[in-house]
Amino acid sequence: MDSILLKAKSLYEALKPSEKKVANYLIQRADDVIHFSITDLAENAGCSEASISRFVRKLGFSKFIDFKISLVKELSLMEDKQNIKNDATGVADLIHHLVQQGIKSYKELAQLIVPEDIEKAADWIASSKHTFFFGVGSSGSIAQLGASILVRIGISCFAYSDPHMQVIVGSNCTAEDTVIGISVSGTIKDTIKSVQVAKSVGAKTIAITGGKESPLSKEAEVVLYSSPQGFEAGIGSLGARSSQMAILDMLISTIVWKNETWRDNFKKVEQALEPKRFS
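Laid out in C-alpha coordinates, this is it:
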(Lines of atoms letter the chains of each structure in order from A and count residues from 1; the text may use other names and numbers.)
(Lines give C-alpha, C1' and ligand atoms only; values in the text may rest on other atoms or scores of the structure.)
Protein backbone atom coordinates (compact mmCIF):
# COMPACT_ATOMS: atom_id res chain seq x y z
CA MET A 1 0.00 0.00 0.00
CA ASP A 2 1.25 3.51 -0.79
CA SER A 3 2.57 5.65 2.05
CA ILE A 4 -0.22 7.72 3.60
CA LEU A 5 1.95 10.81 3.92
CA LEU A 6 3.24 10.40 0.38
CA LYS A 7 -0.27 10.07 -1.00
CA ALA A 8 -1.46 13.11 0.97
CA LYS A 9 1.34 15.18 -0.58
CA SER A 10 0.67 13.83 -4.06
CA LEU A 11 -3.06 14.61 -3.88
CA TYR A 12 -2.59 17.94 -2.12
CA GLU A 13 -3.23 20.33 -5.01
CA ALA A 14 -6.41 18.45 -5.98
CA LEU A 15 -7.93 18.70 -2.49
CA LYS A 16 -10.66 21.11 -1.44
CA PRO A 17 -9.59 23.93 0.93
CA SER A 18 -11.11 22.20 3.96
CA GLU A 19 -9.37 18.94 3.04
CA LYS A 20 -6.06 20.77 2.65
CA LYS A 21 -6.38 21.78 6.31
CA VAL A 22 -6.48 18.09 7.22
CA ALA A 23 -3.56 17.30 4.91
CA ASN A 24 -1.47 20.15 6.34
CA TYR A 25 -2.08 18.99 9.88
CA LEU A 26 -1.37 15.36 9.00
CA ILE A 27 1.89 16.12 7.19
CA GLN A 28 3.15 18.46 9.90
CA ARG A 29 1.92 16.58 12.99
CA ALA A 30 1.35 12.96 12.07
CA ASP A 31 2.62 11.84 15.48
CA ASP A 32 -0.27 13.70 17.11
CA VAL A 33 -2.92 12.51 14.66
CA ILE A 34 -2.51 8.87 15.69
CA HIS A 35 -3.78 9.79 19.17
CA PHE A 36 -6.79 11.80 17.97
CA SER A 37 -10.41 10.86 17.49
CA ILE A 38 -12.06 12.26 14.38
CA THR A 39 -13.56 14.99 16.58
CA ASP A 40 -10.14 15.90 18.00
CA LEU A 41 -8.61 16.11 14.53
CA ALA A 42 -11.46 18.27 13.26
CA GLU A 43 -10.99 20.68 16.16
CA ASN A 44 -7.21 20.89 15.79
CA ALA A 45 -7.18 21.09 11.99
CA GLY A 46 -9.96 23.68 11.93
CA CYS A 47 -12.39 21.79 9.73
CA SER A 48 -15.50 19.61 9.94
CA GLU A 49 -15.64 15.88 10.60
CA ALA A 50 -17.23 15.51 7.16
CA SER A 51 -14.12 17.04 5.58
CA ILE A 52 -11.94 14.51 7.39
CA SER A 53 -14.15 11.64 6.22
CA ARG A 54 -13.86 12.83 2.61
CA PHE A 55 -10.11 13.21 3.00
CA VAL A 56 -9.50 9.70 4.34
CA ARG A 57 -11.68 8.26 1.56
CA LYS A 58 -9.48 10.01 -1.00
CA LEU A 59 -6.53 8.31 0.67
CA GLY A 60 -8.24 4.96 0.10
CA PHE A 61 -9.81 4.28 3.51
CA SER A 62 -13.50 3.72 4.13
CA LYS A 63 -13.30 4.56 7.84
CA PHE A 64 -11.25 6.93 10.00
CA ILE A 65 -10.19 4.07 12.27
CA ASP A 66 -8.71 2.18 9.31
CA PHE A 67 -6.77 5.30 8.38
CA LYS A 68 -5.41 5.61 11.93
CA ILE A 69 -4.32 1.98 12.11
CA SER A 70 -2.39 2.27 8.85
CA LEU A 71 -0.84 5.56 9.94
CA VAL A 72 0.40 4.00 13.18
CA LYS A 73 2.05 1.19 11.20
CA GLU A 74 3.62 3.64 8.79
CA LEU A 75 5.07 5.87 11.49
CA SER A 76 6.50 2.88 13.32
CA LEU A 77 8.50 1.97 10.20
CA MET A 78 9.75 5.43 9.35
CA GLU A 79 13.48 5.83 9.85
CA ASP A 80 13.73 9.55 9.28
CA LYS A 81 11.27 11.94 10.90
CA GLN A 82 13.70 14.80 11.45
CA ASN A 83 13.11 18.26 9.93
CA ILE A 84 15.55 21.14 9.53
CA LYS A 85 15.61 22.99 12.85
CA ASN A 86 16.94 26.39 13.75
CA ASP A 87 18.89 24.90 16.65
CA ALA A 88 20.91 22.46 14.50
CA THR A 89 24.32 21.91 16.06
CA GLY A 90 26.24 22.59 12.86
CA VAL A 91 26.77 22.07 9.15
CA ALA A 92 27.28 18.34 9.70
CA ASP A 93 23.69 18.05 10.97
CA LEU A 94 22.40 19.99 7.97
CA ILE A 95 24.33 17.80 5.52
CA HIS A 96 23.05 14.67 7.25
CA HIS A 97 19.48 15.92 6.98
CA LEU A 98 19.80 16.70 3.27
CA VAL A 99 21.31 13.28 2.56
CA GLN A 100 18.46 11.62 4.46
CA GLN A 101 15.93 13.69 2.52
CA GLY A 102 17.52 12.51 -0.71
CA ILE A 103 17.30 8.88 0.40
CA LYS A 104 13.68 9.42 1.43
CA SER A 105 12.92 10.92 -1.98
CA TYR A 106 14.28 7.87 -3.80
CA LYS A 107 12.35 5.51 -1.52
CA GLU A 108 9.17 7.43 -2.31
CA LEU A 109 9.98 7.32 -6.02
CA ALA A 110 10.31 3.53 -5.86
CA GLN A 111 6.69 3.39 -4.64
CA LEU A 112 5.43 5.76 -7.32
CA ILE A 113 7.16 4.64 -10.49
CA VAL A 114 5.45 2.26 -12.93
CA PRO A 115 7.99 0.41 -15.13
CA GLU A 116 5.49 0.01 -17.97
CA ASP A 117 4.98 3.78 -18.09
CA ILE A 118 8.73 4.41 -18.15
CA GLU A 119 9.11 1.97 -21.05
CA LYS A 120 6.19 3.46 -22.98
CA ALA A 121 7.54 6.99 -22.56
CA ALA A 122 11.04 5.85 -23.55
CA ASP A 123 9.68 4.18 -26.70
CA TRP A 124 7.80 7.35 -27.65
CA ILE A 125 10.92 9.48 -27.23
CA ALA A 126 13.10 7.07 -29.17
CA SER A 127 10.68 6.87 -32.11
CA SER A 128 9.69 10.55 -32.27
CA LYS A 129 10.86 12.95 -34.94
CA HIS A 130 11.41 15.58 -32.25
CA THR A 131 11.06 15.61 -28.46
CA PHE A 132 10.32 18.86 -26.61
CA PHE A 133 10.65 19.51 -22.87
CA PHE A 134 8.47 22.23 -21.33
CA GLY A 135 9.12 23.55 -17.83
CA VAL A 136 9.32 26.89 -16.04
CA GLY A 137 11.42 28.03 -13.09
CA SER A 138 13.51 25.27 -11.54
CA SER A 139 11.61 22.68 -13.59
CA GLY A 140 12.93 24.52 -16.64
CA SER A 141 16.46 23.66 -15.49
CA ILE A 142 15.51 19.98 -15.28
CA ALA A 143 14.03 20.26 -18.79
CA GLN A 144 17.31 21.66 -20.10
CA LEU A 145 19.22 18.82 -18.47
CA GLY A 146 16.95 16.19 -20.01
CA ALA A 147 17.27 17.69 -23.48
CA SER A 148 21.06 17.96 -23.27
CA ILE A 149 21.43 14.29 -22.31
CA LEU A 150 19.07 13.05 -25.04
CA VAL A 151 20.99 15.06 -27.63
CA ARG A 152 24.17 13.26 -26.54
CA ILE A 153 22.70 9.93 -27.64
CA GLY A 154 21.53 11.32 -30.97
CA ILE A 155 17.88 12.14 -30.29
CA SER A 156 16.49 15.40 -31.69
CA CYS A 157 15.48 17.12 -28.49
CA PHE A 158 14.87 20.70 -27.34
CA ALA A 159 13.89 22.38 -24.07
CA TYR A 160 11.86 25.57 -23.64
CA SER A 161 11.29 27.48 -20.41
CA ASP A 162 9.72 30.59 -21.94
CA PRO A 163 5.90 30.20 -21.82
CA HIS A 164 5.35 31.96 -25.14
CA MET A 165 7.90 29.79 -26.94
CA GLN A 166 6.31 26.70 -25.40
CA VAL A 167 2.93 27.57 -26.92
CA ILE A 168 4.50 28.45 -30.28
CA VAL A 169 6.45 25.19 -30.42
CA GLY A 170 3.50 23.19 -29.11
CA SER A 171 1.18 24.54 -31.78
CA ASN A 172 3.64 23.48 -34.49
CA CYS A 173 3.99 19.91 -33.24
CA THR A 174 2.75 16.92 -35.21
CA ALA A 175 1.79 13.34 -34.42
CA GLU A 176 5.45 12.44 -34.93
CA ASP A 177 6.54 14.56 -31.96
CA THR A 178 6.58 14.01 -28.20
CA VAL A 179 6.16 16.74 -25.58
CA ILE A 180 7.26 16.31 -21.96
CA GLY A 181 5.85 18.74 -19.37
CA ILE A 182 7.69 19.01 -16.05
CA SER A 183 6.19 20.46 -12.86
CA VAL A 184 6.59 19.37 -9.24
CA SER A 185 3.05 20.39 -8.28
CA GLY A 186 1.43 19.82 -11.67
CA THR A 187 -0.45 23.10 -11.30
CA ILE A 188 1.72 25.55 -13.27
CA LYS A 189 -0.67 27.14 -15.77
CA ASP A 190 1.94 27.86 -18.46
CA THR A 191 3.18 24.27 -18.57
CA ILE A 192 -0.34 22.86 -18.55
CA LYS A 193 -1.45 25.17 -21.37
CA SER A 194 1.57 24.29 -23.51
CA VAL A 195 0.95 20.57 -23.09
CA GLN A 196 -2.72 21.09 -23.95
CA VAL A 197 -1.78 22.93 -27.16
CA ALA A 198 0.66 20.21 -28.23
CA LYS A 199 -1.87 17.48 -27.45
CA SER A 200 -4.57 19.26 -29.47
CA VAL A 201 -2.47 19.03 -32.65
CA GLY A 202 -1.68 15.35 -32.18
CA ALA A 203 1.63 15.27 -30.31
CA LYS A 204 2.22 12.54 -27.74
CA THR A 205 2.28 14.00 -24.23
CA ILE A 206 4.18 12.95 -21.12
CA ALA A 207 4.15 14.57 -17.66
CA ILE A 208 6.81 14.36 -14.97
CA THR A 209 5.11 15.60 -11.81
CA GLY A 210 4.64 14.98 -8.11
CA GLY A 211 1.00 16.06 -8.24
CA LYS A 212 -1.40 13.15 -8.43
CA GLU A 213 -4.80 14.19 -9.79
CA SER A 214 -3.21 17.53 -10.76
CA PRO A 215 -4.27 19.42 -13.92
CA LEU A 216 -1.01 18.45 -15.66
CA SER A 217 -1.41 14.77 -14.84
CA LYS A 218 -4.93 14.86 -16.30
CA GLU A 219 -3.71 16.40 -19.57
CA ALA A 220 -0.81 14.04 -20.28
CA GLU A 221 -1.27 10.62 -21.84
CA VAL A 222 1.57 9.11 -19.80
CA VAL A 223 2.33 10.38 -16.29
CA LEU A 224 5.61 9.65 -14.52
CA TYR A 225 5.11 10.50 -10.87
CA SER A 226 8.08 11.99 -9.04
CA SER A 227 8.42 12.46 -5.32
CA PRO A 228 6.22 15.33 -4.09
CA GLN A 229 8.74 16.05 -1.34
CA GLY A 230 9.02 19.65 -2.50
CA PHE A 231 5.83 20.20 -0.50
CA GLU A 232 7.97 20.12 2.62
CA ALA A 233 9.97 23.16 3.66
CA GLY A 234 13.22 21.77 2.32
CA ILE A 235 15.70 24.34 1.04
CA GLY A 236 15.66 24.23 -2.74
CA SER A 237 13.22 21.29 -2.83
CA LEU A 238 16.21 18.97 -3.21
CA GLY A 239 14.12 15.83 -2.87
CA ALA A 240 11.69 16.80 -5.61
CA ARG A 241 14.45 17.81 -8.04
CA SER A 242 16.58 14.72 -7.46
CA SER A 243 13.47 12.61 -8.03
CA GLN A 244 12.83 14.34 -11.37
CA MET A 245 16.44 13.76 -12.40
CA ALA A 246 16.15 10.10 -11.44
CA ILE A 247 13.17 9.75 -13.79
CA LEU A 248 15.21 11.30 -16.61
CA ASP A 249 17.94 8.77 -15.87
CA MET A 250 15.40 5.93 -16.02
CA LEU A 251 14.05 7.14 -19.37
CA ILE A 252 17.46 7.58 -20.97
CA SER A 253 18.84 4.32 -19.57
CA THR A 254 15.79 2.47 -20.94
CA ILE A 255 16.24 4.04 -24.38
CA VAL A 256 19.93 3.12 -24.51
CA TRP A 257 19.34 -0.38 -23.14
CA LYS A 258 16.71 -1.16 -25.79
CA ASN A 259 18.57 0.17 -28.82
CA GLU A 260 22.22 -0.42 -29.65
CA THR A 261 22.25 2.57 -32.03
CA TRP A 262 21.79 4.98 -29.14
CA ARG A 263 24.60 3.27 -27.22
CA ASP A 264 26.91 3.67 -30.21
CA ASN A 265 25.91 7.32 -30.57
CA PHE A 266 26.79 7.96 -26.95
CA LYS A 267 30.22 6.37 -27.40
CA LYS A 268 30.87 8.52 -30.49
CA VAL A 269 29.98 11.68 -28.58
CA GLU A 270 32.25 10.69 -25.71
CA GLN A 271 35.11 10.11 -28.16
CA ALA A 272 34.47 13.47 -29.84
CA LEU A 273 34.56 15.25 -26.47
CA GLU A 274 37.71 13.52 -25.25
CA PRO A 275 40.15 16.12 -26.75
CA LYS A 276 38.34 18.82 -24.74
CA ARG A 277 39.32 17.18 -21.44
CA PHE A 278 42.60 17.48 -19.57
CA SER A 279 44.47 14.20 -19.72
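In the numbering used here, each residue's number is its place in the sequence shown (first place is 1) plus 24. Think of the CB as a built atom: it goes at the ideal place given N, C-alpha and C, for glycine as much as any other residue.
Practice task
Using DSSP bridges, identify the partner residues of residue 184.
Solution key: Bridge pairing for residue 184: 158 [DSSP].
Practice task
Measuring alpha carbon to alpha carbon, tell me which of 294, 279, 239 and 132 ends up nearest residue 37.
Solution key: Nearest option by C-alpha distance: 239.
Practice task
List the DSSP bridge partners of residue 201.
Solution key: DSSP output for residue 201 lists 154 as bridge partner(s).
Exercise for the section: May I ask you to verify whether the region 266 to 281 touches the region 167 to 178, counting CB pairs closer than 8 Å and requiring at least 3? Expected result: Counting Cβ pairs under 8 Å, three or more are found: they touch.
Practice task
Kindly indicate the opening and closing residues of the beta strand (DSSP E) around residue 320.
Solution key: The structure shown does not extend to residue 320, since the chain spans only 25 to 303, so no value can be given for it.
Exercise for the section: Give a yes or no on whether the C-beta atoms belonging to residue 51 and residue 32 are separated by under 8 Å. Expected result: A contact, by the Cβ cut-off of 8 Å.
Handout entry: 8 Å Cβ cutoff met for residue 268 and residue 206
Key = Residue 206 sits close to residue 268, with the two beta carbons spaced by under 8 Å.
Practice task
Please classify residue 132: is it buried, with 16 or more other beta-carbons within 10 angstroms of its beta-carbon, or exposed?
Solution key: Around the beta-carbon of residue 132, 16 or more other beta-carbon atoms lie within 10 Å, marking it buried.
Handout entry: Euclidean distance between Cα positions of residue 179 and residue 34
Key = So the alpha carbons of these two residues sit roughly 31 Å apart.
Handout entry: Residue from 218, 68 and 210 whose Cα sits closest to the Cα of residue 237
Key = Selected option, being the one with the closest Cα: 210.
Handout entry: Selected residue, minimal CA-CA separation from residue 160, among 142, 140, 189 and 64
Key = In terms of CA proximity to residue 160, 189 leads the group 142, 140, 189 and 64.
Exercise for the section: For residue 283, collect the residues of the same chain with a Cβ closer than 7 Å to its Cβ; drop the 5 residues on either side in sequence, then sort them by chain order. Expected result: So the list reads 150, once near-sequence residues are dropped.
Exercise for the section: Let me know the secondary structure DSSP gives residue 248 once reduced to three states. Expected result: In the structure shown, residue 248 sits in a strand (DSSP, three-state: E or B).
Problem - Given residue 277 as reference, the closest of 72, 242, 139 and 80 once Cα atoms are compared - result: With distances taken between Cα atoms, residue 277 lies closest to 139.
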